[in-house]
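Numbering (our numbering), first residue to last: 3 to 627. Ideal placement from N, C-alpha and C gives every residue a C-beta, glycine not left out.
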């Protein structure tokens, strides 16, 4: 824990003071101040603007949410990271260890979270201890509520990646003992829930700016923590049956020592219902499949941040807490993930394992063994498929003019096609392949591209313009799923079915046909996979359900697309998708060249780094490391 005493408080203050001096300059000469690197921390808590700025800085621990260049989707069976030398491959190949952690993101890294927790503790100590000059009780309640929520969120991040950690509620001095034991899993859950309750109480009735938390967000966080806590991963009998050889003393760090799952599912159900009762979501009152399911889903993903034709801005009501990019946006998510034929980086590309799980529009399963479906695999699928995946032949934005008139149809090209050139038939490599004539690098290996959180506005050029699509830390539908899951496990199948169908109806899908608990559980898990794709859910869900070996551990599948001229038909450049001219063949392939994925049960929890264990000799390592 020694890292906690080296947080650069003065550096943070320096930044905060510079930000606020301009606002204060109308009151006094901006030169009439103590040098910023000499200002006491006490000054922060005597000035409302500085106190607010200090808390604002804590939000930076959320970074851009899930919009990092490397997404959590790529350590799940949703996506493949195109540039595998950045550490994600080590995670997926099950070769990480305390000395070689592989990819660690700033939004859940051990050291990063504790640095932010320390800032939360400072805020709580200053406000609750009366060691401040703030006169407004409303402001103090707001700042305190924000700090409780953020501390709960950061601890939740640690808990779902590492299992239990040490609960620290005070700021340490230089002479304090930094060796501290991990609390139990149950203690961590209870602590986070208490912080959520405090945050909700303090923030109720308060309206904060976009991007700051709120009372409903605290309830949503509580709902997530409790549905995780009720899951098989944290039930002692189930985790020991799945993972052999866990030392007895380490089980307390990973699971409950007392109580039972039924009790925990009841708590989770109650917490989720509180969110359902306090919020509304978006179009979750339908009694039949919507005709515009694709647009509904696309509008939800845009979160009110797109001006594309047809997008419903009111879908922003689905968001409970998000990371917004309103002014001076640095959100280059589209550039990082869009097709290389648009001068983008193709970062986290969908894999066949995800694509193949989208049902047909009538609710039946897609299968490559079905000849009709194999011949036209992208027809008549779940409407959410078209709002999540860019596939060969899918319509997309205009390409930049510098590329020439190479694609007047504005379509994704990930295949190899016959084309007539200088009187001969050639193999034309699609503009979005790794042999593209526009850019022959940064292309998808999988044959698919990511669509979900990329603004479809044709006026936005992904490679050169930022976008303002918010990241959904919590949206209403997640709480609905939590309620469904708890209801299924409690045997309350009617409630679960009603809410599950509401989600499907909004997407334009028919009602589920499952009636038994086991079948409804399967249907629910499928629905959550599809609805929440790329939202940092799947990695955690498969682990907490103890099904990672048969999901995350699978080999990656790609799609190979070829287009051959039909008899008597030809096409010259520029190429475009045309099923009247071409016979298209779609061949799913298993590919291990980029990542030879493997599962090891140690991956149910991340390792603590060797440096952290060396700093704190009471920090016990997770099993398998």
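- Taking C-beta atoms as the reference points, residue 535 and residue 355 fail to come closer than 8 Å.
- By the criterion of at least three beta-carbon pairs nearer than 8 Å, the stretch 253-261 is in contact with the stretch 233-242.
- The Cβ atoms of residue 79 and residue 523 lie no closer than 8 Å to each other.
- Contact between the stretch 516-533 and the stretch 202-213 is not established, with fewer than three Cβ pairs separated by less than 8 Å.
- Note on geometry: alpha-carbon atoms of residue 494 and residue 517 lie some 11 Å from one another.
- In the DSSP assignment, residue 560 falls within the unbroken beta strand (DSSP E) covering 559-567.
- Nearest to residue 458 by C-alpha distance, out of 157, 122, 485, 388, is 388.
- Restricting attention to 615, 407, 51, the CA atom closest to the CA of residue 182 is found in 615.
- The stretch 195-207 makes contact with the stretch 146-158: 3 or more CB pairs, one atom from each, lie closer than 8 Å.
- Exposure of residue 175 is indicated by the presence of fewer than 16 other C-beta atoms within 10 angstroms of its C-beta.
- When 53, 469, 608, 305 are compared, the shortest CA-CA separation from residue 315 is found for 305.
- If you draw a straight line from the Cα of residue 63 to the Cα of residue 149, it comes to about 12 Å.
- For residue 300, the closest C-alpha among the options 452, 51, 131 is that of 452.
- The C-beta distance from residue 509 to residue 295 rounds to 4 Å, short enough to fall under 8 Å.
- Here the alpha carbons of residue 266 and residue 231 stand approximately 7 Å from one another.
- For residue 142, no beta strand (DSSP E) encloses it; the enclosing alpha helix (DSSP H) starts and ends at 139-164.
- Where residue 56 is concerned, the enclosing alpha helix (DSSP H) starts and stops at 50-60.
- Per DSSP, the beta-bridge partners of residue 413 are 397.
- When secondary structure is reduced to three states using DSSP, residue 464 falls in the coil class, being assigned neither helix nor strand.
- Cβ-Cβ separation between residue 339 and residue 350: approximately 6 Å, consistent with a contact (criterion under 8 Å).
- In terms of CA proximity to residue 606, 236 leads the group 436, 477, 236, 317.
- The secondary-structure analysis by DSSP pairs residue 616 with nothing; it has no beta-bridge partner.
- Put simply, the backbone Cα of residue 114 is about 32 Å away from that of residue 281.
- Taking a cut-off of 8 Å on C-beta distances, the stretch 312-329 does not touch the stretch 367-384, as fewer than three cross pairs fall below it.
- The three-state secondary structure of residue 47, taken from DSSP, is helix.
- Taking a cut-off of 8 Å on C-beta distances, the stretch 539-558 does not touch the stretch 405-412, as fewer than three cross pairs fall below it.
- With respect to the C-alpha of residue 116, the residue from 152, 56, 371 having the closest C-alpha is 152.
- For residue 624 against residue 112, the beta-carbon gap comes to about 11 Å, at or over 8 Å, which does not count as contact.
- Relative to residue 438, the option among 143, 482, 577 whose CA is nearest is 577.
- Taking the Cα positions, residue 307 is about 43 Å away from residue 621.
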